[in-house]
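Scroll down for the structure; my scribbles are underneath it.
Numbering (the working numbering), first residue to last: 18 to 516.
Below, the structure written as structure tokens:
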């Protein structure tokens, strides 16, 4: 049996590809529902219900802002402190990805080029290879069934098809598209090993993170077992973890020194399932090079020279070997559905590189700022620091975020944009356990956001009446984010039930 959420998804996909379709499934659904269900509840009744839930939310934090707008009329149906700027956490990804859809378009492709110079003689390339980075964050196993080296295997096979089994010279990693620094200056320095603060480079591999897997040894007292994925000689692992017989004292911690030395500490219960931790690397270019070398070796391709990072391609006559392409929509889905900071920051730098010739945070912010100015959000009314929302200096008001969503709802590329958002009850995502029951499941498409003391939720909701709303619910200064999430859910229940 097809679930309601899946039916909605299928409808959205059909409308996204239909010629001339702009508002698609939600607007059509609203019209049908209004005919079948008759008039909706009064606006005053909706306001009263929302007011009741917002007043309850004020018990969580008084630093709360809410704005709800009817997308068919453009009228505000409810507002509370809607013009006060708040820290928006990962709701900043809505700003970055909306700008990308508007400026680059869903037909945009990230390109990573493999090139060579020299001549082939007897299976040997008497020359060099170059990999030219285009800022693609997707070079990983995410879209290849978990095989993180699949793309490198493919490149090796392309070279083999040209009769090349050995590279006599060097492999150049050309990463000049992005400007330093690799880590945003606003990000907390005590969290640089966390996956959500991974460094950003024009050539990156596996989200610039390594997976560390820890599981118990054979019996208490023995060292725990440790595996890094992928298994590369780049990493030095120091194992301080021991197997124990008590489940109550089970704990595991993985840390990284300034280099790629990983230290695993803890007491691992003898019957515990494997513990997995994603750890950000310190040198993404060395990581990319090590993975490339491993992938080539596994396909029997030998590199005699060195793997060398360089900001520009050495001047010479280079010939193309292959181009790896990833489309924008695939990338934005990871940004919004997985809330992957690394992808969002790569996207912001690509915007700067494409529009300003400078792949930096500052250039990317200028490009996004021009987009916001065009839709009526002026530079003196908000703060944008990065592309993901990791910085606490990203501040927008709820009204500005719904203004952004209103623009994207009628945008020629709006359907593709909406499809990248997680929906209520969507499996394996942050929404899986929130509003997963009818009539809410599949009828709310929104981006969550969370930092210490911050919980935000901005998106679209389709009410029982068929009306579609844009909403933004921004909590700051919370003590317990789970209480803020519960309040957000109650506000949305009132909107769906009575809107």
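By construction, the Cβ of each residue, glycine as well, lies at the ideal position given by its N, Cα and C atoms.
Mapping the DSSP letters down to three states, classify residue i as helix, strand or coil.
i           : result
residue 127 : strand
residue 500 : helix
residue 79  : coil
residue 429 : coil
residue 457 : coil
residue 186 : coil
residue 212 : helix
residue 64  : helix
residue 516 : coil
residue 229 : strand
residue 434 : helix
residue 260 : strand
residue 69  : helix
residue 162 : coil
residue 207 : helix
residue 244 : strand
residue 584 : The chain is shown only over 18 to 516; residue 584 falls outside these bounds and no answer can be derived.
residue 475 : strand
residue 510 : helix
residue 270 : strand
residue 419 : helix
residue 337 : strand
residue 395 : coil
residue 106 : helix
residue 424 : helix
residue 87  : strand
residue 221 : coil
Return the chain-ordered list of same chain residues with a C-beta closer than 7 Å to the C-beta of residue i, the five sequence neighbours on each side being excluded.
i           : result
residue 339 : 131, 172 and 175
residue 500 : 77
residue 388 : 116, 119 and 120
residue 88  : 423, 426, 485, 486 and 487
residue 251 : 277, 303, 304 and 307
residue 402 : 203, 408, 410 and 411
residue 380 : 369 and 373
residue 359 : 154, 215, 217, 224 and 225
residue 350 : 437
residue 294 : 229 and 271
residue 140 : 180, 181, 182 and 183
Output needed for residue i: all residues of its chain with C-beta closer than 8 Å, excluding positions within five of it in sequence on either side, in chain order.
i           : result
residue 291 : 230, 231 and 232
residue 91  : 423
residue 297 : 209, 210, 211, 212, 214, 215, 216, 225, 226 and 273
Using the beta-carbon count (16 or more within 10 Å), is residue i buried or exposed?
i           : result
residue 491 : buried
residue 236 : exposed
residue 268 : exposed
residue 450 : exposed
residue 332 : exposed
residue 323 : exposed
residue 223 : buried
residue 100 : exposed
residue 459 : buried
residue 310 : buried
residue 178 : exposed
residue 205 : exposed
residue 129 : buried
residue 103 : buried
residue 247 : buried
residue 494 : exposed
residue 238 : exposed
residue 497 : exposed
In terms of residues, what are the limits of the alpha helix (DSSP H) holding residue i?
i           : result
residue 389 : 378–391
residue 119 : 109–120
residue 236 : First-last for residue 236: undefined, no H or E at that position.
residue 301 : 301–315
residue 369 : 358–373
residue 354 : 345–354
residue 168 : 167–178
In chain order, what residues of the same chain have a beta carbon less than 6 Å from the beta carbon of residue i, not counting five sequence neighbours either side?
i           : result
residue 71  : 83 and 97
residue 148 : 131 and 190
residue 489 : 84, 415, 418, 419 and 475
residue 107 : 356, 406 and 466
residue 280 : 255 and 272
residue 471 : 104, 106 and 493
residue 319 : 183
Contact check, residue i vs residue j under 8 Å by CB: the rounded distance?
i           : j           : result
residue 342 : residue 126 : 4 Å
residue 346 : residue 198 : Going by Cβ atoms, the distance from residue 346 to residue 198 rounds to 29 Å, so no, they are not a contact pair.
Which two residues bound the contiguous beta strand (DSSP E) that contains residue i?
i           : result
residue 97  : 93–97
residue 143 : 141–149
residue 283 : 278–286
residue 492 : 485–493
residue 325 : 324–327
Is residue i near the ligand HEM, going by C-beta to nearest heavy atom under 6 Å?
i           : result
residue 398 : No copy of the ligand HEM appears in this structure; indeed no ligand is present at all.
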